[in-house]
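> Take a look at the following structure, please.
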Amino acid sequence: MVDAAPDSAPRAGIGLRAPHLDEVAERAPSVGFLEIHAENYLADGPALRRVERLRAAHAMSVHGVGLSLGSADGIDAHHLDRVAALIAQLQPRFVSEHLAWSVVGGAYLNDLLPLPYTEESLAVVARNIDRVQTALKCPVMIENPSSYVAFAHTSMTEPAFLAALVARTGCRLLCDVNNIFVSASNVGFDPVAYLDALPAAAIGEIHLAGHARNDADGETILIDDHGSRVSDAVWSLYRHAIARFGARPTLVEWDTDVPALEVLLDEAARADREAAAMVGQAA
Amino acid sequence: MSALSLAELQQAFRTHLLGEEQAVLVAAAVGDRIPAAARLRVYRHHVFASLTSALGATFSTVRGAVGDDFFAAIARAFIAQSPPVGPVLSEYGADFAAFVTRWPAAAALPYLADVARLDWALNLAYTAPDTPGLTAEHLAAVPADQLDGLTLKPRPGVALLRSHYPIDRIWALNHGGDVDTVDLDAGGVCLLVLPRTDDAAFADLDAGAAALMAALEAGDPLGLALERALAAAPDLDVGAALGRLLALGALAAPAP
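If you want it as structure tokens, here you go:
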């Protein structure tokens, strides 16, 4: 499933969203892959049947948003079974989840909530990832979250925490460049130093998306709303990521005010051009 | 002060998001140019906004009937009281109609809970597995002396809904149907909600067909179900009523 040898010139993919299902089926646009959110296709119904038909023409990526890898309570066995069944059905090229938590005491809070980066959290997340990788029978890529808060008792940096997860569990990493930019601005770190601290060989996929600028008590806070084109600053960070990691399968995500399919395809084409230019420079 | 354990932090975060501000959580969060409480509000806002949006998608007729602001107020109270128990948001809201029944501000809108039941039934029909329906050929293959004892089950996703209000017209008014106004005193309806290949739909049933469907849903064998339908509607053409249920794809094909 997850291709361990990075493709030399992988094409960028797009996040497949409900408003585009029919058009993608009709046009079969030339993109590297289509990424779906696992939780949108766990119930039966027409949407799942349409995605099942798209498999013939497109490589798929299944991106989980609800496994809650950071839950001290552990992984919801019923939910994990359903994700495993979807992955067995769709046989995606990539499987990914988030370094975050959403579940406590049986309540699902529908957000990717932040973790303190401590030895205790590392043990919890590593145990949960082990359980998920065993159930899904494949390595999972773990995505860095967008953060709005940090915890005082955090004892390691996020890249160090991610690197430790790779070492302990054999997971891979999904590097969300927009999330790095958003978190760097919100909680205060150098996004370039962050990229440089990630274990390059573990990066299996890159995410790109737009963000919004909001006001919090008179100060700017960046919101990872996936509701606009990728910003110039994030493209710049993307070029740095490619220079450091080499070209990686890249995804353009858009979830708020989803635009015409053409706009997503245009962003994906730009990601291809930016990556090709960086790889060309390196050669 | 010793740091919160991860389990303590997550419990406090839940309470903070859904209800009361938690001083221990604010103290554990780093505040600088943006105070910790303001940072934590970003998460609270997202939780309520995203779940309100999910409920609004599932209960689109309720939202349309009461407007976005009123809907957001019900949704907020519902979310705080009954957060989702799993991450599949199309499955969130099974008890929303019951909550609407008890919501004081909705007391003047007695039809609203039935509208919520219709939205929920359509949601279940939409996510039902695609299974074959019972046909006249299936019935023709059953020996005549066994027909009365036959138990016919609804297809997965099929639901019978009764209301004292014209909820079919309220639905149409809010989904671009050919309806300009709704007379709430126009009388009740019996609706059969049905999965369709790429959608979900509902059909109006007359009293006899509704009684037949209700009896079959309750597990009555066909002969008894037809008797009950005749008792409910003495002029009923039982063949036509059964034919209508077959034509709608309301009943499940026998297991192969």
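Quick mapping for you: the protein sequence lines, in order, are chains A and B. Numbering that gives the first Met the number 0 puts the first residue of the first sequence at 0, with every later residue one more than the last. Numbering that gives the first Met the number 0 puts the first residue of the second sequence at 0, with every later residue one more than the last. Every residue, glycine too, gets a C-beta built ideally from N, C-alpha and C.
1) Quick test of the definition: if touching needs 3 or more C-beta pairs under 8 Å, does the segment 79 to 90 of chain B touch the segment 72 to 79 of chain A?
2) Chain A partners of phenylalanine 12/B, CB-CB under 9 Å?
3) Whole angstroms is fine: what's the gap from alanine 107/B's alpha carbon to valine 65/B's?
4) Mind listing which residues of the segment 44 to 61 of chain B have their C-beta closer than 8 Å to chain A's C-betas, in chain order?
5) Which stretch, first to last residue, makes up the alpha helix (DSSP H) that contains serine 4/B?
6) 8 Å is my cut-off, CB to CB: does threonine 150/B come that close to chain A?
7) Over the uninterrupted alpha helix (DSSP H) stretch that includes tyrosine 110/B, give me the two end residues.
8) Compute the distance between the beta-carbons of leucine 68/A and asparagine 143/A, then report whether it is under 8 Å.
9) At a CB distance below 8 Å, what residues from the segment 224 to 247 of chain A approach chain B? Give them in sequence order.
10) Could you tell me whether any Cβ in chain B is nearer than 8 Å to the Cβ of arginine 48/A?
11) Have a look at asparagine 39/A and tyrosine 110/B and give me their C-alpha separation to the nearest angstrom.
12) Taking the alpha-carbon positions, what's the alanine 97/B to phenylalanine 77/B distance?
13) Any beta carbon of chain B sitting closer than 8 Å to that of glycine 287/A?
14) Using the Cα positions of glycine 248/B and serine 29/A, report the straight-line distance between them to the nearest angstrom.
15) Between the segment 146 to 168 of chain A and chain B, which residues of the former have CB atoms less than 7 Å from a CB of the latter, in chain order?
16) Beta carbon of tyrosine 40/A: closer than 7 Å to some heavy atom of the ligand SAM?
17) Give a yes or no on whether the minimum CB-CB distance between isoleucine 128/A and chain B is below 8 Å.
18) Looking at the structure shown, is serine 184/A part of a helix, part of a strand, or coil, going by DSSP?
19) Taking 8 Å as the CB-CB cut-off, is proline 131/B touching chain A?
20) Closest Cβ-Cβ distance between alanine 84/A and chain B: below 8 Å?
21) Who are the Cβ neighbours of alanine 281/A in its own chain at under 6 Å, not counting the five residues just before and after it?
22) Measure the CB-CB distance between arginine 228/A and glycine 209/A and report whether it falls below 8 Å.
23) Quick check on glutamate 96/A - is its C-beta less than 8 Å from some C-beta in chain B?
24) Would you mind stating whether arginine 154/B and leucine 250/B have Cβ atoms separated by less than 8 Å?
25) Taking one C-beta from the segment 149 to 163 of chain B and one from the segment 178 to 192 of chain B each time, how about it: are there three or more such pairs within less than 8 Å?
26) I want to verify the contact list: residues of chain A whose CB lies under 7 Å from the CB of glutamate 90/B, in sequence order.
27) Thinking C-beta only, is leucine 53/A closer than 8 Å to valine 82/A?
28) Suppose the cutoff is 8 Å on Cβ atoms and the five residues either side in sequence are ignored; what does the same chain contact list for phenylalanine 69/B look like?
29) What are the residues that DSSP puts in a beta bridge with alanine 106/A?
30) For alanine 268/A, which of helix, strand or coil comes out of DSSP?
31) Among Ala125/A, Thr249/A, Gln90/A, Asp254/A, whose alpha-carbon lies nearest the alpha-carbon of leucine 135/A?
32) Mind listing which residues of the segment 254 to 277 of chain A have their C-beta closer than 7 Å to chain B's C-betas, in chain order?
33) CB-CB under 6 Å to isoleucine 73/B, same chain, minus the five flanking residues each way: which ones, in chain order?
34) Considering threonine 249/A, what are the terminal residues of the beta strand (DSSP E) in which it resides?
35) What does aspartate 198/B reach in chain A if we use C-beta pairs closer than 8 Å?
Short version:
1) As far as the Cβ criterion goes, the segment 79 to 90 of chain B touches the segment 72 to 79 of chain A, which means the pair count is three or higher.
2) Trp100, Val103, Leu108, Leu112, Pro113
3) 11 Å
4) His45, Val46, Ser49, Leu50, Ala53
5) It is not in any alpha helix (DSSP H) - serine 4/B carries neither H nor E in the DSSP assignment.
6) no
7) Run containing tyrosine 110/B: none; DSSP gives neither H nor E here.
8) no
9) Result list empty, no residue passes.
10) yes
11) 30 Å
12) Going from the Cα of alanine 97/B to the Cα of phenylalanine 77/B covers about 10 Å.
13) Absent from the structure is residue 287/A, since the part of chain A shown begins at 0 and ends at 282.
14) Each residue's Cα considered, the two are about 39 Å apart.
15) Tyr147, Val148, Ala149, Phe150, Ala151, His152
16) In the structure shown, the ligand SAM is absent, as is every other ligand, since no ligand is present at all.
17) no
18) Of the three classes helix, strand and coil, the one that applies to serine 184/A here is helix, per DSSP.
19) no
20) Chain B contact via Cβ: absent.
21) none
22) yes
23) no
24) It is a contact, given that the beta carbons lie within the stated cut-off.
25) yes
26) Ala42
27) Going by C-beta atoms, valine 82/A is not nearer than 8 Å to leucine 53/A.
28) Ala104
29) Val103/A
30) helix
31) Considering only alpha carbons, the answer is Gln90/A.
32) none
33) Taking C-beta separations shorter than 6 Å and ignoring five residues to either side along the sequence, the partners of isoleucine 73/B in its chain run Trp102, following chain order.
34) 249 to 251
35) Pro45
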